[in-house]
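Visitor: Next up is a structure, given as C-alpha cells.
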Amino acid sequence: MNVDQTTFRQALLDPDAPRPDGLADGQGREAGRRFDVYRNNVTVALGDALETAFPTVAKLVGAQNFKLLAAAYLRQHPPKSPLMMFYGEDMPAFLATFQPTSTIGYLPDIARLELAMRHSYHAADARAFDPAVLQSIPPEKLMASVVTLAPATRLIRSRWPIHAIWAFNNQPEAPKPIMASEDTLILRAELDPVPHLLPKGGGAFVEALLDGESLGTAIERATIENEAFDLSEMLALLITNNALTDLKD
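The opening position of the sequence shown corresponds to residue 6 in the numbering used here, with each subsequent residue numbered one higher.
If you want it as C-alpha cells, here you go:
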C-alpha cells in the first residue's frame, strides 16, 4: 500500500471521500472494494460507539440525524486511542458549534451529563467513612474540616433543565420538563452511576467541596444561592450514596 497514513485515515473516516490512490493487498492486487467494506465497518462501529455513549442525545435528535451527526463528528474528531471508553470527549463543544444542532441550547449540557456518567462509571472505587464521625466532632472544628468526595462524584451545573430532560427520555413515569436551571449530581453508590437533581444551593455546596473548600465555606456558598439551604438533606444524599470518603481538619 503506497498511501500515506494521513490520507488513509482521512478517507477511512469520511464515507464521501474518494478511495486513496495506490491501495493494494499483500499480493499487489487492487484493493479499493475491500477498502470500501473496511471503511463502512469502521464508520458503523464508531457511530455505534457514540450512540452507546450518548443515548439521550441520540433520542433527542432522532436516529437518522444522529448517524449524520456522528459521521460529521468522526471526521472532525477521529479517535486518538484504541480505548473507546472515553471517545466523545469533544461532543459537548461539537454540538454547540455544529450548525444543525447549534440552536438546541440544552443539547451540549445533555452530552456533558452523559459524558460525566461515563466518567463516573469508570472512576476508581473508594471506601466511605463512618458518618457517625460527623456527630463526634465539635461544631466549630467540623465547619473548618475539608470533606473529600468519592472519585466517581460528578457535578453538572446548567441553565437548562438537564436532569428533567434526561429523566423524561429515560424514565417512563418522569414528567415533562419545565424550563428552569438545574444542578445534577452524579453519584455511584454501587455499580452504576445515578444522576440526582440537587435542591437550590446544592450545586454551590458540592462545587465548593470539590474545590477543596471547608464545610463551613461550602455552606456559606450554598446559602448565598438559597437562604433556606438544608444541610441535613444534602448530607443525607451524600451519605446514603457512599460519597463521603475522607474528613480532614
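The C-beta atom is built at its ideal place from N, Cα and C for all residues, glycine as well.
Buried or exposed for VAL49, please, with buried defined as at least 16 other CB atoms from any protein chain shown within 10 angstroms of its CB.
Guide: As a working mapping, residue 49 is identified with position 44 in the sequence shown. Counting Cβ neighbours within 10 Å, VAL49 comes out exposed, since fewer than 16 surround it.
Visitor: Determine the direct distance from the alpha carbon of ALA77 to that of LEU190, and round the result to whole angstroms.
Guide: Within the sequence shown, residue 190 is the residue found at index 185, counting from 1. Within the sequence shown, residue 77 is the residue found at index 72, counting from 1. Rounded to whole angstroms, LEU190 to ALA77 spans 31 Å at the Cα level.
Visitor: Which residue's Cα is closest to the Cα of PRO198: LEU236, GLU218, PRO156?
Guide: Against the sequence shown, residue 198 aligns to sequence position 193. Comparing Cα-Cα distances from PRO198 to each of LEU236, GLU218, PRO156, the minimum goes to PRO156.
Visitor: Thinking ALA133 and ASN231 are a contact (beta carbons under 8 Å), I'd like their distance in whole angstroms, please.
Guide: The residue you call residue 133 lines up with position 128 of the sequence shown. The residue you call residue 231 lines up with position 226 of the sequence shown. At roughly 26 Å, the Cβ-Cβ gap does not stay under 8 Å, so ALA133 and ASN231 are not in contact.
Visitor: Can you tell me whether HIS201 is helix, strand or coil according to DSSP?
Guide: Here residue 201 is taken as the residue at index 196 of the sequence shown, counted from 1. Strand at HIS201.
Visitor: On the three-pair Cβ rule with 8 Å, is the region 214-233 touching the region 147-155?
Guide: Yes: the two stretches touch, three or more of their Cβ pairs being nearer than 8 Å.
Visitor: So, are the CB atoms of LEU160 and GLU94 less than 7 Å apart?
Guide: Taking the first residue of the sequence shown as position 1, residue 160 is located at position 155. Taking the first residue of the sequence shown as position 1, residue 94 is located at position 89. The answer is no: Cβ separation not under 7 Å.
Visitor: What alpha helix (DSSP H) runs, 4 residues minimum, are completely inside the region 147-207?
Guide: Here the runs fully enclosed are 167-175.
Visitor: Under DSSP, the alpha helix (DSSP H) around LYS64 begins and ends at which residues?
Guide: Residue mapping note: residue 64 aligns to position 59 of the sequence shown, counting from 1. First-last of the alpha helix (DSSP H) with LYS64: 60-66.
Visitor: LEU79 and LEU51 - do their beta-carbons sit closer together than 7 Å?
Guide: In the sequence shown, counting from the first residue as 1, residue 51 sits at position 46. In the sequence shown, counting from the first residue as 1, residue 79 sits at position 74. Yes, these two residues count as a Cβ contact at 7 Å.
Visitor: What whole-angstrom Cβ distance do THR61 and TRP171 have, given they're in contact under 8 Å?
Guide: In the sequence shown, counting from the first residue as 1, residue 61 sits at position 56. In the sequence shown, counting from the first residue as 1, residue 171 sits at position 166. Contact flag correct, Cβ pair sits at about 6 Å.
Visitor: For ASP53, write down the residues that DSSP places opposite it in a beta bridge.
Guide: One-based indexing of the sequence shown puts residue 53 at position 48. Bridge partners of ASP53: none, in fact.
Visitor: By the DSSP assignment, the alpha helix (DSSP H) with ASP114 in it spans what residues?
Guide: Numbered from 1 along the sequence shown, position 109 holds the residue referred to as residue 114. Start and end: 112-127.
Visitor: From MET90, THR245, ILE167, pick the residue whose C-alpha is nearest to that of GLU187; which is it?
Guide: Taking the first residue of the sequence shown as position 1, residue 187 is located at position 182. Taking only the C-alpha atoms, the option nearest GLU187 is ILE167.
Visitor: Kindly list the residues whose CB is nearer than 8 Å to the CB of GLU218, restricted to its own chain and excluding five residues on each side of it in sequence; keep chain order.
Guide: In the sequence shown, counting from the first residue as 1, residue 218 sits at position 213. Hits under 8 Å: VAL151, ARG226.
Visitor: Rank GLN69, PRO97, VAL47, LYS85 by C-alpha distance to the C-alpha of ALA58 and give the top, closest one.
Guide: For the purposes of this step, residue 58 is taken as residue 53 along the sequence shown, with counting starting at 1. Residue PRO97 is the option with its Cα nearest to ALA58.
Visitor: One question on the structure: do LEU249 and LEU243 come within less than 7 Å of each other, judged by their Cβ atoms?
Guide: For the purposes of this step, residue 249 is taken as the residue at position 244 of the sequence shown. For the purposes of this step, residue 243 is taken as the residue at position 238 of the sequence shown. A contact, by the Cβ cut-off of 7 Å.
Visitor: What's the gap between the Cα of ALA137 and the Cα of LEU252?
Guide: Here the question's residue 137 lines up with position 132 in the sequence shown. Here the question's residue 252 lines up with position 247 in the sequence shown. The straight-line gap from Cα to Cα measures roughly 12 Å.
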